Amino acid sequence: MPRIAYVNGRYIRHAQAAVHIEDRGYQFADGVYEVCEVARGYIVDMTRHLDRLNRSLSELQIAWPMTRSALQLVMREVVRRNRVINGLVYLQVTRGVAPRDHAFPAPGVKPALVVTAKRSDPAAAAKKAETGLAVITVPENRWDRVDIKTVGLLPNVLARQQARSVGAQEAWFVDPDGTVKEGASTNVWIVTRDSRLVTRPADHGILRGITRATVIDVAAKLGLEVEERAFSVAEAKQAREAFITAATMVVMPVVTIDGTPVANGHPGSVALSLRHAFFDIAEKIKA
Ligand code: PLP
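For the sequence shown, position 83 matches number 83 in this note's numbering, and the numbering has no gaps at all.
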């Protein structure tokens, strides 16, 4: 069965799907995106993802490419047509196609929309969670509007590659004051020695992760206290646990930071219990 993508009004074979060379996403990274988890046939936290899309679009003065309810239908249709039971649905909206010029195009240029879906293997992810991930730290070098989920991800790409090149799986951006911002595509958490969950406040310094928001709900349901404050790399290295969150991996334990083991170097019980409870508490919309 061929993969199917939605591109500007048409469902077409993924292998043949293409956008115009003057799409402003391609020329200027002038666009935004969302990634939702698909689990057991449901799109997870779609409402929160579309709320964040709305904010990203309005911050950049890009119009919705279609109504919110129509976009929901397209996302569900792409998931169904690709028979994704577990995986991801990706959407990208750019300012559209226009002759290359930095300033916004004339009114009337329509935003461009691409929606794709991809399967993933929940057993492989569960196995990864049992082992945990290695992370490195890198200096923060991004612009100060990382709260907008734009497709301009070059520093994130380079940071992730730097992690890969030393056998790690994620890179954490660190401010000059030594505090941890977030991962290349994840939010960062620690569990302190006195069992408090700590994550950086979702101000302009990080992306307000949807998984992060739902993990705060999950923690409340499990009776765990969450503290939203900055923490240093040194504190993370001495923490009882560390973990990262994202729609692509839900909750993933971190077992080493720059080669230093976190606690005993094995995934912690808090991260694993949040991971296990996540699906039940998150919003689920049948694809
Ligand atoms: N931070 C960054 C920079 C990201 O790119 C992402 C996800 O792509 C996240 C955090 C996690 O966000 P979410 O939980 O909405 O996937």
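Don't be surprised by glycine CBs; every beta carbon is placed ideally from N, CA and C. These numbers come from a predicted model, not from an experiment.
- At the C-beta level, P111 and T94 come within 8 Å of one another.
- With a 10 Å radius around the Cβ and a threshold of 16 neighbouring Cβ atoms, N187 comes out buried.
- Short note on G209: C-beta closer than 7 Å to some heavy atom of the ligand PLP.
- Judged by DSSP secondary structure, K221 falls outside any beta strand (DSSP E) and instead within the alpha helix (DSSP H) spanning I210 to K221.
- Shortest Cα-Cα distance from G268 to any of A277, V255 and R200 involves V255.
- Within 7 Å of the C-beta of V32 there is not a single heavy atom belonging to the ligand PLP.
- A residue is called buried when at least 16 other Cβ atoms come within 10 angstroms of its Cβ; L73 does not meet this threshold and is exposed.
- Rounded to the nearest angstrom, the gap between the Cα atoms of I43 and R80 is 11 Å.
- In the three-state reduction of the DSSP assignment, P261 falls in the strand class.
- In this structure, the alpha-carbon of E130 lies about 43 Å from that of H20.
- Remark: the shortest separation between the CB of N187 and any heavy atom of the ligand PLP falls under 7 Å.
- Taken from the Cβ of A247, at least one heavy atom of the ligand PLP lies inside 7 Å.
- V191 is not a Cβ neighbour of R229, given a cutoff of 8 Å.
- The way I'd put it, the region 140-157 does touch the region 25-43; three or more beta-carbon pairs between them come closer than 8 Å.
- A Cβ-Cβ contact shorter than 8 Å links M46 with E283.
- Annotated three-state conformation of P201 is coil, per DSSP.
- Residue range S269 to I281 is occupied by the alpha helix (DSSP H) that includes V270.
- DSSP places V79 inside the alpha helix (DSSP H), whose first and last residues are R68 to R81.
- DSSP lists I4 as the bridge partner or partners of R13.
- One alpha carbon belongs to T199, the other to P99, and they sit about 43 Å apart.
- A straight line joining the alpha-carbon of A271 with that of V114 spans about 34 Å.
- Residue T179 holds the alpha-carbon nearest to the alpha-carbon of K237 among T179, A213, A219 and I216.
- Per DSSP, the beta bridge partners of E170 are V135.
- Distances from the CA of G205 to each of I148, V157 and R83 were compared; the closest alpha carbon is that of I148.
- In this structure, the straight-line span from the alpha carbon of R119 to that of W143 is close to 32 Å.
- Between the ligand PLP and G205, a heavy atom-to-CB distance of less than 7 Å is absent.
- About 6 Å separates the CB atoms of R52 and I210; that is less than 8 Å, so the two are in contact.
- A direct Cα-to-Cα measurement between G9 and K181 gives close to 38 Å.
- Straight-line spacing of the CA atoms in E235 and T245 works out to 19 Å.
- M75 is the residue among Q61, M75, A39 and Y26 whose C-alpha sits nearest the C-alpha of L50.
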